[in-house]
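Numbering (my numbering), first residue to last: 4 to 282.
Next comes the structure, spelled out in structure tokens:
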């Protein structure tokens, strides 16, 4: 069996595509090479950039799991003049296939949002429930449960100081800086016990939040959404979009796929990074 077929089967177990939000997302097999290079090597990345594509070519990768779909909007033609299309053509000509899990990996129990919830809690006890249950956007998803869906509302058993939460997240995510917005009259030592989180971009999910939360945690939010949150007495922590996603690949997905795809080389891209840096 070709590696793409094995990867597709395993990813369907890990993050069933029925859990993705197909109203806008483009999850699943995006490119199936007609002539796989048979290297039996798999690359994990958040974004399939030209730098990551070059890395895949150098390492003779057979299948790329790109968390963000490199093919997203309808395409009428494929040419080398367009950067994103050029990457797809390079992959096809090198015998590579591409799979994008995206929101299926966000929604699944034990996926990216649950991993982020575990970082919030650290060693402490906590509960986490979806903010947007799968039933609200995919009512016919067979794999849906009460624990699947977008975002998570985390309730900590013990209160923590806001500044301690921020420093803990920075350390665990490997970040020197994050962006923070505090409500009026809050101090960094304010005690918090509830965090609403959404990996990537959280504004849309947070608008569906109908339970109180002291803190909103995401990669990015709109300016006016941040103002709305602080006016409502909620602090905001923003880590930049992919910084809330990338760590999951090495911490969870890579060891999981190594166990399920015995004999396959499973790598995490060294070139994949968030495009925004703090100067």
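Just so it is clear, CB atoms sit at the ideal spot from N, CA and C, and this is done for glycine as well.
- Residue 57 and residue 274 have their C-alpha atoms roughly 9 angstroms apart.
- For residue 156, the uninterrupted beta strand (DSSP E) segment begins and ends at 152-164.
- Residue 194: member of the beta strand (DSSP E) spanning 194-204, first to last residue.
- Contact between the region 106-118 and the region 80-94 is absent: fewer than 3 CB-CB pairs across the two stretches fall below 8 angstroms.
- Exposure of residue 143 is indicated by the presence of fewer than 16 other C-beta atoms within 10 angstroms of its C-beta.
- Counting only residues of its own chain and dropping the five nearest sequence neighbours on each side, residue 130 has a CB closer than 6 angstroms to the CB of 158.
- Here residue 131 carries a strand assignment [DSSP, helix/strand/coil].
- Straight across, the Cα-Cα distance linking residue 183 with residue 9 is about 42 angstroms.
- Distance from the CA atom of residue 112 to the CA atom of residue 258, rounded to whole angstroms, is 17 angstroms.
- Cβ atoms of residue 176 and residue 250 come within 8 angstroms of each other, at about 6 angstroms.
- If you ignore the 5 residues before and after residue 219, its C-beta comes within less than 6 angstroms of the C-beta of 199, 209, 232, 237, 239, all in its own chain and listed in chain order.
- Contact annotation: residue 98 and residue 65 have beta-carbon atoms nearer than 8 angstroms.
- Beta-bridge annotation (DSSP): residue 46 is paired with 67, 270.
- Its chain contains 125 as the residues whose beta carbon lies nearer than 7 angstroms to that of residue 171, once the 5 sequence neighbours on both sides are disregarded; these appear in chain order.
- Contact between the region 134-141 and the region 185-196 is absent: fewer than three C-beta pairs spanning the two stretches fall below 8 angstroms.
- A residue is called buried when at least 16 other Cβ atoms come within 10 angstroms of its Cβ; residue 128 does not meet this threshold and is exposed.
- Contact check for residue 22 and residue 95: beta-carbon distance about 28 angstroms, past the 8 angstroms limit, so the pair fails to qualify.
- The three-state reading of DSSP puts residue 184 in strand, counting E and B together.
- According to the DSSP assignment, residue 61 belongs to the alpha helix (DSSP H) that extends over 53-61.
- Leaving aside the five residues that flank residue 256 on each side, the residues in its chain whose CB is nearer than 7 angstroms to its CB run, in chain order, 47.
- Within the same chain, and ignoring the five residues on either side of residue 161 in sequence, the residues whose Cβ sits closer than 7 angstroms to its Cβ are 127.
- Here residue 176 carries a helix assignment [DSSP, helix/strand/coil].
- Going by DSSP, residue 221 is part of the beta strand (DSSP E) stretching over 218-223.
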